[in-house]
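Student: Mind having a look at this structure? Questions to follow.
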Amino acid sequence: MVSLSHLGYLATAVATHALVGYTLGTLAFDAPRAGVLGGVVADVDLFFPLAWEFPLTHRGLTHTGLAVGAALAVAAVRSRAAAGGVGVDETQSVSSARRTMSVGVGYASHLLIDSTTPMGVPLFYPLSTARVGVQMGGHSGPATAALWLCCLAALWTRRRSGRLDEQT
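Residue numbers for the sequence shown follow the numbering used here, beginning at 556 and rising by one.
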């Protein structure tokens, strides 16, 4: 059974990934929802049964460069289809590319944040099962607070400048 404190930790971690993805998607590509999706999709592995073994575990296959590439491919196909497919005008094509890149940047930010924890991420799987990371206290209270503060300050600054799209 998972403890209540561990559930709180997981909820905070997922919310942090969502906020960072939202912020990057908004600031870099004007595609905040795609950034959120990219920021949290790697943690779909939290729903894998605990009895499963690597790479189908938390911070397994979904926390690899291969998974980022797969997410980008799916996002590109889905975004292109939503824009009307082949032969779309330039505006729709740019919008599709922005959504795709927002997913990619959100996903990459997730792996970067998780690589600052002692567990690291198996970034180069299946070429290597070695975990990549630097112990910087990622997901610790101070690190999480700093990330939230930076994201909220960046969004607030963007909003004050009048460039934040109200459709988000």
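For glycine and all other residues, C-beta sits at the position ideal for the given N, C-alpha and C.
For a test of the three-state rule: what should DSSP assign to glutamine 722, helix, strand or coil?
Tutor: Only weak support is given to the placement of glutamine 722: the predicted model assigns it a pLDDT of 48, under 50, and the value that follows is read from those uncertain coordinates. Glutamine 722 falls in the coil class under three-state DSSP.
Student: Quick one: give me the first and last residue of the alpha helix (DSSP H) that threonine 578 is part of.
Tutor: Note, threonine 578: alpha helix (DSSP H), 559 to 584.
Student: Is the segment 603 to 617 in contact with the segment 690 to 705, if contact means three or more CB pairs nearer than 8 angstroms?
Tutor: No, because fewer than three Cβ pairs between the segment 603 to 617 and the segment 690 to 705 fall closer than 8 angstroms, the two stretches do not touch.
Student: Output needed for glycine 639: all residues of its chain with C-beta closer than 7 angstroms, excluding positions within five of it in sequence on either side, in chain order.
Tutor: Gln647, listed in sequence order.
Student: Alpha carbon to alpha carbon, how far is valine 649 from threonine 571? Give it in angstroms, no decimals.
Tutor: One C-alpha to the other measures close to 28 angstroms.
Student: Hey, out of Ala631, Pro587, Ala652, whose CA is closest to valine 575's CA?
Tutor: Taking only the C-alpha atoms, the option nearest valine 575 is Pro587.
Student: Could you check where the alpha helix (DSSP H) with arginine 715 kicks off and where it finishes?
Tutor: From DSSP, the alpha helix (DSSP H) with arginine 715 extends over 696 to 715.
Student: What does a CB cutoff of less than 6 angstroms around valine 591 pick up in its chain, not counting 5 residues either side in sequence?
Tutor: Ala573, Gly576, Tyr577.
Student: So what does DSSP say about valine 599, is it helix, strand or coil?
Tutor: It is helical.
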